[in-house]
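In the working numbering, the protein residues as written are 4 to 219. Don't be surprised by glycine CBs; every beta carbon is placed ideally from N, CA and C. Before any comments, here is the structure.
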């Protein structure tokens with residue numbers, strides 16, 4: 004394999020179009036592009052743990068506050084959701100039914116709702132600012148004292164990162180240090196204890212360091 008010639012498995016498995024961003028980043032050096040590809044896989048894997056912690060922390064905090072506000076575990080039945088929100092709840096129910104789950108409750112639906120659904124509730128949505136954020140959802144972020152819009156924008160940027168990772172897309176071009184810091188800030192807005200707990204299990208900085216070393 005020359006520096007300009009990708010290995011055969013690129014054509015058979017990854018495909019040249021999906022390999023192109025790695026070649027572009029490395030100036031057409033196929034050897035370096037392959038190394039970058041595998042580093043992208045490794046850093047994506049490392050981000051799974053902090054993303055996992057953020058999603059669970061966010062979901063459970065928001066669910067508890069909404070359940071208390073509407074005095075029912077299926078609070079979404081008492082909320083005017085956007086078309087996206089309504090469709091997402093319906094999809095969650097259909098998935099549970101398709102698994103032939105004989106009976107399921109609100110907790111099962113909550114577990115099925117995706118990260119993007121929870122983040123959407125912090126948006127303006129169907130007057131969400133007035134109906135959800137002001138009376139209730141700001142309480143799900145006890146250590147955040149800013150406005151709703153910047154919080155939503157930060158959360159939405161992490162949704163995009165999460166989706167790229169889960170769809171095996173390149174993330175090497177992002178400012179991953181900033182993404183990593185943002186995840187910690189968002190978790191700490193809800194639970195500083197969880198942010199602290201995460202530190203001992205988080206490999207992102209270690210993997211980021213490998214790329215910095217390879218550039219020297």
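Where residue i falls: helix, strand or coil (DSSP)
i	result
residue 116	coil
residue 38	helix
residue 24	helix
residue 84	coil
residue 219	Below a pLDDT of 50, predicted positions are generally treated as unreliable, and residue 219, at 48, falls in that range; the measurement from the model is reported next regardless. DSSP places residue 219 in coil when its eight states are reduced to three.
residue 138	coil
residue 160	helix
residue 180	helix
residue 213	helix
residue 9	coil
residue 50	helix
residue 4	Confidence at residue 4 is low in this model, with a pLDDT of 49, below 50, so the placement of that residue is unreliable and no value is reported for it.
residue 75	coil
residue 19	helix
residue 167	helix
residue 175	coil
residue 44	helix
residue 103	coil
residue 127	coil
residue 3	Nothing can be reported for residue 3, as the shown portion of the chain is limited to 4 through 219.
residue 110	helix
Of the listed residues the options, nearest to residue i (C-alpha basis)
i	options	result
residue 41	13, 54, 67, 68	13
residue 200	19, 30, 46, 56	56
residue 173	11, 16, 22	22
residue 193	148, 130, 89	148
residue 122	140, 83, 182	140
residue 169	27, 43, 15, 19	43
residue 164	53, 36, 34	53
residue 37	47, 159, 25	25
residue 112	83, 76, 144	76
residue 189	106, 102, 162	162
residue 132	196, 10, 155, 34	155
residue 153	178, 129, 185, 176	185
residue 50	213, 205, 212	205
residue 129	167, 107, 94, 83	83
residue 63	100, 181, 144	144
residue 91	177, 31, 114	114
Contact belief for residue i with residue j at Cβ below 8 Å, rounded distance in angstroms
i	j	result
residue 135	residue 142	At roughly 11 Å, the Cβ-Cβ gap does not stay under 8 Å, so residue 135 and residue 142 are not in contact.
residue 72	residue 79	About 12 Å; that fails the 8 Å criterion.
residue 29	residue 39	6 Å
residue 45	residue 210	5 Å
residue 191	residue 146	6 Å
Bounding residues of the alpha helix (DSSP H) (the contiguous stretch that carries residue i)
i	result
residue 150	Per DSSP, residue 150 belongs to no alpha helix (DSSP H) and is neither H nor E.
residue 202	195-202
Any C-beta of chain C under 8 Å from that of residue i
i	result
residue 67	The displayed structure is made up of one protein chain only, and chain C is not part of it.
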